[in-house]
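FYI, in this note's numbering the residues of the sequence shown are 15 to 334. Just so it is clear, CB atoms sit at the ideal spot from N, CA and C, and this is done for glycine as well. Predicted model only: the values in this text are computed from it and were never measured. Worksheet: one structure, shown below.
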Amino acid sequence: MTACGLDFGTSNTTLGVVGAGELARLEGDETTIPSAIFFAPTAAPKVGRAAMSAYLDGEAGRLMRSLKSVLGGSLVDEATQVGRERVKFREIIARYLAIVKRRAEAAAGRELDSVVHGRPVHFVDGDPAGDARAEDTLREIALSIGYRDVSFQFEPVAAALDYERTVAREELALIADIGGGTSDFSVVRIGPARRGREDRKDDILANDGVHVGGVDFDRRLSLGSVMPLLGFRSAMKRKELEVPSVYFHELATWSSINKLYDGRALRQIREVRREASRPDLLDRLIRVIDDERGHGLAAEVEHAKIRLSDGKETELPLGF
Numbered sequence: 015m016t017a018c019g020l021d022f023g024t025s026n027t028t029l030g031v032v033g034a035g036e037l038a039r040l041e042g043d044e045t046t047i048p049s050a051i052f053f054a055p056t057a058a059p060k061v062g063r064a065a066m067s068a069y070l071d072g073e074a075g076r077l078m079r080s081l082k083s084v085l086g087g088s089l090v091d092e093a094t095q096v097g098r099e100r101v102k103f104r105e106i107i108a109r110y111l112a113i114v115k116r117r118a119e120a121a122a123g124r125e126l127d128s129v130v131h132g133r134p135v136h137f138v139d140g141d142p143a144g145d146a147r148a149e150d151t152l153r154e155i156a157l158s159i160g161y162r163d164v165s166f167q168f169e170p171v172a173a174a175l176d177y178e179r180t181v182a183r184e185e186l187a188l189i190a191d192i193g194g195g196t197s198d199f200s201v202v203r204i205g206p207a208r209r210g211r212e213d214r215k216d217d218i219l220a221n222d223g224v225h226v227g228g229v230d231f232d233r234r235l236s237l238g239s240v241m242p243l244l245g246f247r248s249a250m251k252r253k254e255l256e257v258p259s260v261y262f263h264e265l266a267t268w269s270s271i272n273k274l275y276d277g278r279a280l281r282q283i284r285e286v287r288r289e290a291s292r293p294d295l296l297d298r299l300i301r302v303i304d305d306e307r308g309h310g311l312a313a314e315v316e317h318a319k320i321r322l323s324d325g326k327e328t329e330l331p332l333g334f
């Protein structure tokens with residue numbers, strides 16, 4: 015049995031093989047890849063940086079990103095159009111993770127049949143049933159792509175066990191794991207004398223987390239600075255009403271962007287445009303959706319957020 019540890023994150027994915035002492039190379043020499051998959055009409059799916067590049071370079075196809083965000087909700091069992099077929103989101107996640115598994119096996123030179131999945135403390139805030147569904151779905155996916163043994167570890171606990179290798183005395187550690195989709199916190203008792211223990215349940219003193227992460231900052235930045243340029247919060251001709259906000263929230267959320275591409279949203283927006291006081295703004299929204307530029311726009315917002323980590327202001331080229 016060859017085991018691995020898999021961190022399938024909202025933003026990025028990485029995998030380590032037990033015994034190798036290092037992370038698997040999943041894309042060239044890269045051990046961490048964006049959690050993204052690109053479906054081209056006549057070619058095999060691309061993942062990671064290749065997926066993002068294919069989309070941003072304007073290749074024909076469909077980009078899916080932040081797929082982990084759908085776990086625990088009803089969307090995971092809904093289907094979306096991918097080329098000529100409708101595919102459930104759980105199957106899209108399975109196709110992505112199967113490619114990750116094959117690449118890790120190629121790098122390790124052996125089959126991986128056991129996996130420890132990292133997981134947030136809460137997939138879904140305040141919904142134990144939804145949280146259980148999310149873990150069950152991820153387990154079913156792992157089994158469907160060839161893993162025979164599947165277990166889970168809270169992501170901050172995994173980080174604590176890694177940190178434990180560096181300490182010389184017993185400590186109480188507060189571990190914060192700020193990810194793309196969740197922020198998780200654990201209080202763990204660690205120390206040299208505890209490293210070899212198989213059962214560490216008694217050392218995990220507290221776990222908690224919230225479904226807030228980096229993509230939420232992206233969404234708020236988009237809604238505050240970009241979506242108003244496409245008509246968000248603009249008035250209808252009947253001044254007491256605003257343009258419906260659902261389209262803008264979906265366009266500002268990585269995991270929801272594809273919902274706008276099925277044709278229904280465009281028909282609805284064109285109807286709204288006729289009654290909008292600023293139809294020119296809705297024309298921009300229509301162009302972005304009609305050209306399937308939503309993920310490119312989200313990527314520009316994400317890059318702007320990163321630039322703002324080092325400066326007080328930045329320019330965001332939109333091109334529409």
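Checklist line | Residues of its chain near residue 74, where Cβ-Cβ distance is below 7 Å and the 5 sequence neighbours each way are ignored | finding: 54 and 55
Check: Roughly how many angstroms lie between the CA atoms of residue 277 and residue 165, to the nearest whole one?
Finding: Cα to Cα, the separation comes out at about 40 Å.
Checklist line | Close beta carbons around residue 190, own chain, < 6 Å, minus the five adjacent residues each side | finding: 199
Next item on the list: Would you list the residues sitting across from residue 149 in a DSSP beta bridge?
Entry: For residue 149, which the question treats as bridged, DSSP gives no partner whatsoever.
Item checked: Where residue 102 falls: helix, strand or coil (DSSP) -> strand
Next item on the list: For residue 5, I'd like the list of residues in its chain whose CB is within less than 6 Å of its CB, leaving aside the five on either flank, ordered along the chain.
Entry: Absent from the structure is residue 5, since the part of the chain shown begins at 15 and ends at 334.
Check: Is the CB-CB distance between residue 172 and residue 204 below 8 Å?
Finding: no
Notebook entry, point to check: Can you check whether the CB of residue 118 is closer than 8 Å to the CB of residue 31?
Noted result: yes
Check: What did DSSP end up calling residue 85 once you bin it into helix, strand or coil?
Finding: coil
Checklist line | As assigned by DSSP and simplified to three states, the class of residue 134 | finding: coil
Next item on the list: Please go through the same chain and pick out, in chain order, the residues whose beta-carbon is closer than 8 Å to the beta-carbon of residue 255, but skip the five residues on each side of it.
Entry: 249
Margin query: For residue 317 and residue 146, what's the separation of their Cα atoms in angstroms?
Written below: Straight-line measurement puts the Cα of residue 146 at about 34 Å from the Cα of residue 317.
Next item on the list: Starting from residue 231, follow the beta strand (DSSP E) in both directions and report where the run begins and ends.
Entry: Unbroken run through residue 231 is the alpha helix (DSSP H), 228–235; no beta strand (DSSP E).
Notebook entry, point to check: Should residue 48 be labelled buried (16 or more other beta-carbon atoms within 10 Å of its own) or exposed?
Noted result: buried
Check: Which one of 225, 241 and 151 has the shortest CA to CA distance from residue 111?
Finding: 151
Next item on the list: May I have the straight-line CA-CA distance separating residue 122 from residue 109, to the nearest angstrom?
Entry: 20 Å
Next item on the list: Would you kindly report the start and end of the unbroken beta strand (DSSP E) that includes residue 163?
Entry: 163–168
Next item on the list: Name the two residues that bound the continuous beta strand (DSSP E) containing residue 200.
Entry: Taken as a continuous stretch (DSSP letters only), the beta strand (DSSP E) holding residue 200 covers 197–204.
Check: Can at least three beta-carbon pairs, one atom from the stretch 21–30 and one from the stretch 79–90, be found at a separation below 8 Å?
Finding: yes
Margin query: On the CB-based measure, 16 or more other CB atoms within 10 Å of its CB, does residue 245 come out buried or exposed?
Written below: buried
Checklist line | residue 30 - containing beta strand (DSSP E), residue span | finding: 26–31
Notebook entry, point to check: In terms of residue numbering, what span does the alpha helix (DSSP H) encompassing residue 141 cover?
Noted result: First-last for residue 141: undefined, no H or E at that position.
Notebook entry, point to check: In the DSSP assignment, what are the bridge partners of residue 241?
Noted result: None, per the DSSP bridge assignment.
Note to self: Only counting the same chain, and skipping five residues up and downstream in sequence, which positions put a Cβ closer than 8 Å to that of residue 113?
What the structure shows: 51, 59 and 61
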